[in-house]
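Input: a single structure, listed below in structure tokens.
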Amino acid sequence: VISSAMFQPFASCVLVAFSATKLGHVRRSVCEGWADGRSRHKAGDRLRDKRRAFLVCGPSGAGKDTILENVRAKLNGCTVISRHLTRGPEKITGIEISTSATEFAAMDSSRRFLTTWSSHSTQYGISRRAVHQALESGDVVLNVSRSEIPGLEQTLEAMGCDVAVVVIEASPAVLQARLQSRGRETSEQIAFRIARQPSIASRNRVWRVRNDADVDSAVTALLEILTGTMKCSLWVMPAVNSDIFARTKQLIGVLADQNSVAPFDPHITLCPSVACQSDQIESTARDVAKEIGGPVEVVPSTATVSETQWNRAVVLEAPGVSIEHASLAARRALDRCGSAVNLSLGGYAPHISFLYGIHPDVALFASAVEVTGLRLSPFQCSALCVVHTPTPAWSNWVFLARIP
107 VISSAMFQPF ASCVLVAFSA TKLGHVRRSV CEGWADGRSR HKAGDRLRDK
157 RRAFLVCGPS GAGKDTILEN VRAKLNGCTV ISRHLTRGPE KITGIEISTS
207 ATEFAAMDSS RRFLTTWSSH STQYGISRRA VHQALESGDV VLNVSRSEIP
257 GLEQTLEAMG CDVAVVVIEA SPAVLQARLQ SRGRETSEQI AFRIARQPSI
307 ASRNRVWRVR NDADVDSAVT ALLEILTGTM KCSLWVMPAV NSDIFARTKQ
357 LIGVLADQNS VAPFDPHITL CPSVACQSDQ IESTARDVAK EIGGPVEVVP
407 STATVSETQW NRAVVLEAPG VSIEHASLAA RRALDRCGSA VNLSLGGYAP
457 HISFLYGIHP DVALFASAVE VTGLRLSPFQ CSALCVVHTP TPAWSNWVFL
507 ARIP
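Under the working numbering, the residue at position 280 of the sequence shown is numbered 386, and the numbers go up by one with no gaps.
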């Protein structure tokens, strides 16, 4: 388990995700009627070809609708399904359909919904016909409640779909600010909502999209998940209970506070980012770890200031036989997995990052002096991590896998 103030959602490095359900939620099971032999899907619903269905959920304030609206305009061969809800047209988003309570009840009684649920006196439903028609030509994305996931997985898999869950989330501070700006709830209600982070009951892959930075960054992250090609970085990390981890993390936090940016966990970047197939993330991580062969010795060297190279500002380069072997080994493994990677170091130096972002020269050089003063001794890293880094907005990065 890895944790920090910034990377709080990294609490699981193998994509165990958390989501907040809406208060007052009342579930109508998608499996309703199965006990007496009636099915929520028809025999003719089964697809001729395998499709993918993505179930998107997340806490209020995470920005799900905003992200999905932006994603829908960029997708090809994948449809974001608009959901019905009992709100007036002036209170819905571009991916919702205003439906009167009478209309909703009629649709529900005639079994025109794949699933329904209610929250805060609002009823929600996903049209069965819309899903079926979209699946005839491509993949689908459904904006759903967390508690509907188990039933929807069963229904969609019975229709012949491969199912994955995507959790869109944000830090508690960001959620609080967004919910307060809506003015719909008291401070106590908002605090309760944020504190309530139940786990997701899914038997399929759970992806996470972090929406702490700009929306475009989160949109890019979701697009990469939906299309199956993800820009990733390979890190090695010291043990979280080690002295080197504690000292490095402390200085990263100090520099972040001084420069008004988000901190991150200590890590050594092995090689430039690469494109990985989403269904091969964990097998790629195992291959890279096997190729490296064991713990990596890191010998900290010179603090370097750069505003552009590798999207870094202040790093401590770490040359040496062990880390350079690990970097080349990682590239060989990535090359075998089909990722486009330069097998030569080509001037790239594995490094320990201390400060990301664009900052004034005075701040950069002052930070570099503090990094140099840390005087780190050689240390070992035994954990290999694959991190989704779709854009330079590091506060939106998410851990995908960790070995061991």
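We treat Cβ as the ideally placed atom computed from N, Cα and C, and that holds for glycine.
With DSSP as the reference, please indicate the residues paired to residue i in a beta bridge.
i      : result
Arg157 : Cys267
Gly231 : His190 and Thr222
Asn249 : Val162
Met336 : Cys382
Glu96  : Here the chain comprises residues numbered 107 to 510, so residue 96 is not present and cannot be evaluated.
Arg314 : Val273
Val237 : Answer by DSSP bridge pairing: none, since Val237 is not bridged.
Glu294 : Partner(s): none; Glu294 has no beta bridge.
Thr497 : Thr497 pairs with nothing; no bridge assigned.
Phe505 : Val493
Thr205 : In the DSSP output, where bridge partners are listed per residue, Thr205 has none listed.
Quick one: measure Cβ to Cβ for residue i and residue j, integer angstroms, because I've assumed they're closer than 8 Å.
i      : j      : result
Ile81  : Thr354 : In the structure as shown, the chain begins at 107 and stops at 510. Residue 81 is therefore absent and cannot be evaluated.
Ile274 : Gly169 : 7 Å
Ser251 : Cys163 : 6 Å
Pro484 : Val427 : That belief does not hold up - the Cβ atoms of Pro484 and Val427 are roughly 12 Å apart, past 8 Å.
Asn365 : His465 : 5 Å
Val247 : Val237 : The Cβ separation is near 10 Å, so there is no contact.
Leu328 : Ile173 : 6 Å
Leu285 : Glu294 : No, Leu285 and Glu294 are not in contact; Cβ-Cβ is about 12 Å, not under 8 Å.
Glu254 : Thr221 : 5 Å
Ala424 : Ile374 : 6 Å
Leu332 : Leu161 : Actually they do not touch by this definition, with Cβ atoms about 12 Å apart.
Which same chain residues, not among the five before or five after residue i, have their C-beta less than 7 Å away from its C-beta?
i      : result
Phe471 : Val411
Glu202 : Ser188, Arg189 and Leu191
Thr495 : Lys337, Cys338, Ser339, Ser379 and Trp503
Asp318 : Ala276, Ser277, Val280, Ser501 and Asn502
Gly194 : Ser204
Gln386 : Cys443
Ala395 : Leu490 and Ile509
Ser135 : Because Ser135 sits at a pLDDT of 35, beneath the cut-off of 50, its placement in the model cannot be relied upon, and the point is left open.
Arg309 : Glu259
Ile350 : Pro344, Leu482 and Phe485
Once the 5 residues before and after residue i are set aside, which same chain residues still bring their CB inside 6 Å of it?
i      : result
Ala307 : Pro256
Gly359 : Pro369
Cys267 : Arg157 and Ala159
Ser488 : Pro401
Ala409 : Leu422, Ala474, Val477 and Thr478
Thr497 : Ser323 and Thr326
Gly139 : The pLDDT assigned to Gly139 is 31, lower than 50, so where the model puts this residue is not dependable; a value taken from the coordinates is nonetheless given after this. If we look at Gly139 and ignore the five residues flanking it on each side, it has no Cβ neighbours.
Leu482 : Pro406
Tell me which same chain residues have a C-beta within less than 8 Å of the C-beta of residue i, skipping the five on either side of it?
i      : result
Ser433 : Leu376, Cys377, Leu451, Tyr454 and Pro456
Arg103 : Outside the shown range of the chain, which is 107 to 510, sits residue 103, and nothing can be said about it.
Ala381 : Thr335, Met336, Lys337, Cys338, Ser445 and Ala446
Leu357 : Phe460, Glu476, Val477 and Leu480
Asp320 : Ala499
Ser206 : Thr192
Glu397 : Ala435, Ala436, Arg438 and Ala439
Gln486 : Pro344, Pro401, Val402, Glu403 and Val404
Original post:
Taking one C-beta from the region 169 to 188 and one from the region 233 to 240 each time, how about it: are there three or more such pairs within less than 8 Å?
Top reply: yes
**OP:** Counting only runs of 4+ residues fully inside the region 406 to 492, write out the alpha helix (DSSP H) ranges in chain order.
**Re:** 427 to 442 and 467 to 479
**OP:** Write down every uninterrupted run of the alpha helix (DSSP H) in the region 344 to 384 whose length is 4 residues or greater and which is fully enclosed by it, in chain order.
**Re:** 349 to 364
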